[in-house]
Amino acid sequence: MPLLEPDRRLGAWTTVRFIDAGGNGEVWEVQGPDGASAALKVLLDRRAESVAYRRFSREIETVQSLGQRPGILPVREAHLPRQPTRKDRAWYVMPLARPLTEALEGEPVAQAVSAIAELAQVLADLHAQGIAHRDIKPANLLWYEHSPVLGDFGLVHLPDAESLTEPGRVPGAFGYIADEVMQNPETAEGPPADVFALAKVLWKLLTPGALYPPQGSLRADGGPSTLERSLTVPRADALDRILESATAPLAARIDMLTLASQLRAWLALPAPAGLPDSLQAVVAAARRAMQPALTARDQAAGRRQAAEAAQQLLVRSADELFDVVRAVDPTGAQVGRMAVGALNQLIEQPAETGRPLFGAPFHYGIRISRPAGVGSEDVLVVAFCLQVAEDESAQGAVTGLLLAGDERTNDSEFRSLATRRAPLGIELEAAVEQTVAEAVGQLEPVMQAFIRRAGD
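The number in the working numbering is simply the position in the sequence shown, starting from 1, with 182 added.
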């Protein structure tokens, strides 16, 4: 249910309609006293000392300090109460802008490249001041007064400012996060991560059928994910080379100023000797005819990449827990798919209407074994199962269990974890982390049962 409702007054502004919601708040269309429309972002968190509130304050202060700068969506008015309440929340007002993806839909490739080149120059100027955006993604790039602009500075990094990145939290959006940020979110530098993310945004703008950009560095090898394969414009291979250098490993990655310069240079490239208009028309028609199949292929590839990312996250998250369990028997502990054993049947999603709702299970667990007598063996098992739908529903499910005792009998200590279902991407990744956190909470009583059985 939205925080606000139509016809609510906030300062001089009156809410008109709900636009969107995110993890930290909502965006509403509002009307000012002069009748002009604008957008108002209201913060959900009411704790003035919270990280969310401090980020919100920093976002407002940063944008206001930059003034009416081209390429940045301005803040027209802001309200930051010292002690927010349910009826007096923090908010700010900005111009009503269109999503960049919507503004560029159906436009020539050069228009998208030009827009990203403009934003690259804006970001290069910010980087020169020690400011990094750190949340570059399509949803935060907008179209305002016939130009592309940056929005949502909620994760901004400022020189000499206190870091608000919480331990273990990775800033950014799935598909647009540089490898070094995934590995070291608290210490990774913001400007190179902005370069990586902006290059991924350009790839996504030029490949609208894909759910997400490919994981890791983009390649200029003529493969199925390259622009050379998907675009019919001249010099698409040169665009691939630019994107490859902008998403390269940190030591080889170009900076934002170079990215802006290279994109402008690409726009200025002379067209090669042209083909007959009739042939161009035939190629375009063939491309349109293939588009449904190509879109389905790209979406399937995106789902596979998102599923692999969720599996990798499960392994990383579970390994922190497994390191604790492994201390019981560092030499004999078994970790991986085989550690789950016959318990896999208890954590796989059941079939529905004659076919599996979810695809092949990804099992990951740890097993500690202790011989308990002839014909029996006590085990301590922590196991997880992640499954992803094989169709276009793009849904995933994650669950797990903990067991102490003889897995073949009914007198074991058994804890079943909740089954969490969520769309592929950041929501499924959140479900993975919640499931591992639930297992952490259940581990102590299961370990106590394992200890008691050792004394029997």
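All residues carry an ideal CB built from backbone N, CA and C; glycine is no exception. Fair warning: this is a prediction, and the values are worked out from it, not measured in the lab.
Contact annotation: the segment 286-306 does not touch the segment 223-232, with fewer than three C-beta pairs closer than 8 Å. In the three-state DSSP reduction, Val497 falls in the helix class (H, G or I). The residues Gln481 and Gly484, in chain order, have a CB closer than 6 Å to that of Leu393 in the same chain once the five nearest residues on each side in sequence are set aside. Distance check between Phe335 and each of Arg316, Ala613, Ala379 and Ser329 places Arg316 closest, using alpha-carbon atoms only.
Beta-carbon to beta-carbon, Leu301 and Gly253 are separated by about 6 Å, close enough to satisfy the 8 Å threshold. Straight-line spacing of the CA atoms in Phe566 and Leu606 works out to 17 Å. Comparing alpha carbon positions, the residue from Arg264, Glu243, Gln265 and Leu324 closest to Ala279 is Leu324. At a Cβ-Cβ threshold of 8 Å, Val614 and Leu568 count as neighbours.
Look at the segment 197-243 and you find no whole run of alpha helix (DSSP H) that is 4 residues long or longer. In this structure Thr389 is in contact with Ser412, their Cβ atoms being roughly 6 Å apart against a cut-off of 8 Å. Per DSSP, Thr440 is one residue of the alpha helix (DSSP H) stretching across Met438 to Leu449. Sequence-distant partners of Ile201 (beyond 5 residues in either direction) whose C-beta falls short of 7 Å from its own C-beta, in its chain, are Val209, Trp210, Glu211 and Ala221. Following the DSSP letters along the chain, one finds Thr283 inside the alpha helix (DSSP H) bounded by residues Leu282 to Leu286. Per DSSP, reduced to three states, the secondary structure at Thr267 is coil, with no helix or strand assignment. Beta-bridge analysis with DSSP links His339 to Ala314. For the pair Glu611 and Phe356, the CB atoms are nearer than the 8 Å cut-off. Under the three-state reduction of DSSP, Glu410 is assigned to helix. For the pair Thr440 and Asp422, the CB atoms are not nearer than the 8 Å cut-off.
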